[in-house]
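Under the numbering used here, the first residue of the sequence shown carries the number 2, and numbering increases by one thereafter.
C-beta: ideal position from N, C-alpha, C; glycine also.
Everything numeric in this text was worked out from a predicted model, so none of it was measured.
Report on the following structure.
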Amino acid sequence: MVFTERFFRITLLLVSVTVAAAPVRAQSDLAFPHIAVGGNPAFETVLQVINEVETDVVVNIDVFQGSSAQTGNGAPLPVSFDGSALTASRVLTLAKFQEFTTVLTVTDPIARNGWVRVRSTTAGGKISGNLLFRQKSGRTVVDSVGVSSPQRFRHAVIQVDSREDGSNTGVAFANPDSTPVTVSMDLFQGETPFSRAPFTQTLQPNQHFAKFVSEIFPAFAILSAPQRQATLLLETAPGRSIPYLTLRADGSQLTGIPVRPLGFAFQYEVRNTSNAVVETGLWMFDFVGFDLIGTGRRDTDPSGTLFAVSGNWAGTNFQFRYRITFPDNTTGIVIFNGTSAGPESTEDAERRGKVITGKVTTLGADGQVRSVNNFTAFHKFGAPAS
2 MVFTERFFRI TLLLVSVTVA AAPVRAQSDL AFPHIAVGGN PAFETVLQVI NEVETDVVVN
62 IDVFQGSSAQ TGNGAPLPVS FDGSALTASR VLTLAKFQEF TTVLTVTDPI ARNGWVRVRS
122 TTAGGKISGN LLFRQKSGRT VVDSVGVSSP QRFRHAVIQV DSREDGSNTG VAFANPDSTP
182 VTVSMDLFQG ETPFSRAPFT QTLQPNQHFA KFVSEIFPAF AILSAPQRQA TLLLETAPGR
242 SIPYLTLRAD GSQLTGIPVR PLGFAFQYEV RNTSNAVVET GLWMFDFVGF DLIGTGRRDT
302 DPSGTLFAVS GNWAGTNFQF RYRITFPDNT TGIVIFNGTS AGPESTEDAE RRGKVITGKV
362 TTLGADGQVR SVNNFTAFHK FGAPAS
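Shown next, in the form of structure tokens:
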């Protein structure tokens, strides 16, 4: 069977890359950024939802039209749940640890894309899910691709490699929130942006986007084959994060490509109240949604020594923490609370780089404050900061 460009615009991005990007976390609101139904041969989407808590959980499933609907993008998409009458939503109750599977279909000979949201309305109702996209010829499944519970990203990075004839890379995302969101996309070859200005896309609530990189940056597609390799950076508007998916197409072969949270390294310095330097080091973070997940090291640590760090950066509020073992073998926690120049950024409104400044507090196992000092931090490999 030959998969065409139209096929990919409809079915774009049914392989989840978030499994490789970050561990799936406790969630009660899942947004799968892409589904496909209808067509000939027919596409269908298999949705699986799991209740992961020891109580009954009420689950709402809502299906929305995607970019293939053009003027209807973001409107409810009526589908058949397991052969039932068409509806764009369904409500069900799952018993503890119960798994629910349903098949979304339509009889329309025109294939459509869209996205689906799965929410638990029970307080503390943790759920997870998977999505299986399938194409059938009669009753025979001829192709199938899976999607796991999605994650949201504020910044994301995707590898693009279209050096082989017939290959392409696509990206899809949806806006599950109640206000519009703007996404900026930059394609880099080495340290050089492929275009002078980023490609931007604004989605209204519930709207969906799916395109190939060659459609977003047309000049990329006409490069000679050895040059069609790049890195795609995606940036959600400050204070926002949305789910992304991507897929590489090699003729009729679909392959999932990891969407990675954009990582960065900070160098930091701690000074006491006398302004003497008491600690220096670095932190290496992945930025998952607004969570900071990574490792750190102090310059005084033995070579190769790393410790786990975690935190959050939302707006201009920057915080992270790590455990510490004191000389008496008791444990404590070190907490950095700081302020950045811009929302999730070290640049101010004039695009000037500024250091993050704040306080670092060390707490003992008894919860008592051991010390309070000042810290500054900035991108280790970035431009000089003021």
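Examine the Cβ distances between the stretch 287-295 and the stretch 309-329 and report whether three or more of them are shorter than 8 Å.
The stretch 287-295, when compared against the stretch 309-329, does touch it at the 8 Å Cβ threshold.
Relative to the C-alpha of residue 186, which candidate in 177, 179, 180, 173 has its C-alpha closest?
Indexing the sequence shown from 1 puts residue 186 at position 185. Here the closest residue by C-alpha is 173.
Cα-Cα separation, residue 1 to residue 381
Since the first residue of the chain shown is 2 and the last is 387, residue 1 is not available in this structure.
Output the boundary residues of the beta strand (DSSP E) element that contains residue 361.
Translated into the one-based positions of the sequence shown, residue 361 becomes position 360. For residue 361, the enclosing beta strand (DSSP E) begins and ends at 357-364.
Pick helix, strand or coil for residue 219, following the three-state DSSP scheme.
Taking the sequence shown and counting its residues from 1, the one referred to as residue 219 is at position 218. Here residue 219 sits in helix by DSSP.
Same chain, Cβ closer than 7 Å to residue 282, neighbours up to 5 away in sequence not counted:
As a first step, residue 282 is located in the sequence shown; it is residue number 281 there, counting from the start. Closer than 7 Å at the Cβ level, and outside the excluded window around residue 282, lie 269, 297, 298, 299, 300.
Nearest to residue 390 by CA position, among 94, 132, 28, 202, is which residue?
Examination of residue 390 is not possible in this model, given that the chain is present from 2 through 387 alone.
DSSP bridge partner residues for residue 144 (one or two, in chain order)
In the sequence shown, residue 144 corresponds to position 143, counting from 1. 136.
Measure how close the beta-carbons of residue 184 and residue 100 come, nearest whole angstrom, since I'm counting them as under 8 Å.
On the sequence shown, position 183 is the one that residue 184 refers to. On the sequence shown, position 99 is the one that residue 100 refers to. The pair is not a contact, with the Cβ atoms about 33 Å apart (cut-off 8 Å).
Report the CB separation of residue 359 from residue 379 in whole angstroms; it is logged as a contact under 8 Å.
The count along the sequence shown starts at 1 and reaches residue 359 at position 358. The count along the sequence shown starts at 1 and reaches residue 379 at position 378. With a beta-carbon spacing of about 13 Å, residue 359 and residue 379 fall beyond the 8 Å limit used to define contacts.
Please classify residue 193 as buried or exposed, where buried requires at least 16 other C-beta atoms within 10 Å of its C-beta.
By one-based count along the sequence shown, residue 193 stands at place 192. So residue 193 ends up on the exposed side.
Are residue 259 and residue 289 closer than 8 Å when you measure CB to CB?
Position 258 of the sequence shown, counting from 1, holds the residue named residue 259. Position 288 of the sequence shown, counting from 1, holds the residue named residue 289. No, these two residues do not count as a Cβ contact at 8 Å.
Quick one: residues in its chain with C-beta nearer than 8 Å to the C-beta of residue 87, no 5 flanking neighbours on either side, listed in chain order?
Position 86 of the sequence shown, counting from 1, holds the residue named residue 87. These residues qualify, in order along the chain: 79, 80, 81, 107.
Environment of residue 208 [buried if 16+ CB atoms lie within 10 Å]:
In the sequence shown, counting from the first residue as 1, residue 208 sits at position 207. That one is buried.
Can you tell me whether residue 260 is helix, strand or coil according to DSSP?
Stepping through the sequence shown from its first residue, residue 260 is reached at position 259. Here residue 260 sits in coil by DSSP.
Does DSSP put residue 29 in a helix, a strand or coil?
To locate residue 29, count along the sequence shown from 1; it is residue 28. Judged by DSSP in its simplified three-state form, residue 29 adopts coil rather than helix or strand.
Going by the DSSP bridge assignment, what does residue 165 pair with across the sheet?
Mapped onto the sequence shown, residue 165 falls at position 164. DSSP output for residue 165 lists no bridge partner at all.
Per DSSP, the bridge partner or partners of residue 212
One-based indexing of the sequence shown puts residue 212 at position 211. Bridge partners of residue 212: 172.
Determine the DSSP secondary structure at residue 72, reduced to helix, strand or coil.
As a working note, residue 72 is residue 71 in the sequence shown. Three-state DSSP puts residue 72 in a helix.
When the Cβ atoms of the stretch 57-69 are set against those of the stretch 114-122, are three or more pairs found closer than 8 Å?
In this structure the stretch 57-69 touches the stretch 114-122; the number of beta carbon pairs closer than 8 Å is three or more.
With respect to the beta strand (DSSP E) encompassing residue 115, which residues constitute its N-terminal and C-terminal limits?
As a first step, residue 115 must be located in the sequence shown, where it is residue number 114. From DSSP, the beta strand (DSSP E) with residue 115 extends over 113-121.
Residue 157 (DSSP reduced to helix, strand or coil)
Residue numbering aside, residue 157 sits at position 156 when the sequence shown is read from its first letter. Note: residue 157 maps to strand in three-state DSSP.
Short check: CB of residue 357 to CB of residue 339, under 8 Å?
As a working note, residue 357 is residue 356 in the sequence shown. As a working note, residue 339 is residue 338 in the sequence shown. Contact flag set, yes.
Using 10 angstroms around the beta-carbon of residue 306, count the other beta-carbons present and answer buried if the total reaches 16, otherwise exposed.
By 1-based counting over the sequence shown, the position of residue 306 is 305. Sixteen is the threshold: since fewer than 16 other Cβ atoms of the shown chains lie within 10 Å of the Cβ of residue 306, the residue is exposed.
Residue 27 to residue 210 span [Cα, whole Å]:
For the purposes of this step, residue 27 is taken as residue 26 along the sequence shown, with counting starting at 1. For the purposes of this step, residue 210 is taken as residue 209 along the sequence shown, with counting starting at 1. For residue 27, the predicted structure reports a pLDDT of 46, less than 50, and the residue's modelled location is therefore unreliable. The matter cannot be settled from this model.
Going by DSSP, what residues sit across from residue 372 in a beta bridge?
Sequence index remark: in the sequence shown, residue 372 carries index 371 (1-based). Checking the DSSP bridge columns, you'll see residue 372 partnered with 363.
Which stretch, first to last residue, makes up the beta strand (DSSP E) that contains residue 250?
As a position in the sequence shown, residue 250 is number 249, starting the count at 1. Where residue 250 is concerned, the enclosing beta strand (DSSP E) stretches over 243-251.
Is the beta carbon of residue 242 sitting closer than 8 Å to the one on residue 321?
The residue labelled residue 242 in the question sits at position 241 within the sequence shown. The residue labelled residue 321 in the question sits at position 320 within the sequence shown. In this structure, residue 242 sits away from residue 321, with a CB-CB distance that is not shorter than 8 Å.
When DSSP labels each residue in this structure, what does residue 350 get in the three-state scheme?
If you number the sequence shown from 1, residue 350 lands on position 349. The DSSP-derived three-state label of residue 350 is coil.
Test item: CB-CB of residue 113 and residue 66 under 8 Å
As a first step, residue 113 is located in the sequence shown; it is residue number 112 there, counting from the start. As a first step, residue 66 is located in the sequence shown; it is residue number 65 there, counting from the start. With contacts defined by Cβ atoms closer than 8 Å, residue 113 and residue 66 form a contacting pair.
Beta-carbon contacts of residue 115 that lie in its chain and below 7 Å, excluding the five residues immediately before and after
Mapped onto the sequence shown, residue 115 falls at position 114. Sequence-distant partners of residue 115 (beyond 5 residues in either direction) whose C-beta falls short of 7 Å from its own C-beta, in its chain, are 36, 64, 65, 66, 67, 78, 209.
For residue 230, the three-state DSSP class (helix, strand or coil):
Locating residue 230 in the sequence shown gives position 229, where the first residue counts as 1. Taken through DSSP and simplified to helix, strand or coil, residue 230 comes out as strand.
Return the chain-ordered list of same chain residues with a C-beta closer than 7 Å to the C-beta of residue 141, the five sequence neighbours on each side being excluded.
On the sequence shown, residue 141 is found 140 positions in, with the first residue counted as 1. Cβ neighbours of residue 141 beyond the five flanking positions: none.
DSSP three-state label for residue 43, please.
For this step, residue 43 is matched to residue 42 along the sequence shown. Look at residue 43 here: in three-state DSSP terms it is strand.
Coarse secondary structure for residue 204, derived from DSSP in three states:
Position 203 of the sequence shown, counted from the first residue, corresponds to residue 204. In the structure shown, the three-state DSSP call for residue 204 is strand.
Name the two residues that bound the continuous beta strand (DSSP E) containing residue 187.
On the sequence shown, position 186 is the one that residue 187 refers to. 182-190 is the span of the beta strand (DSSP E), which, as asked, contains residue 187.
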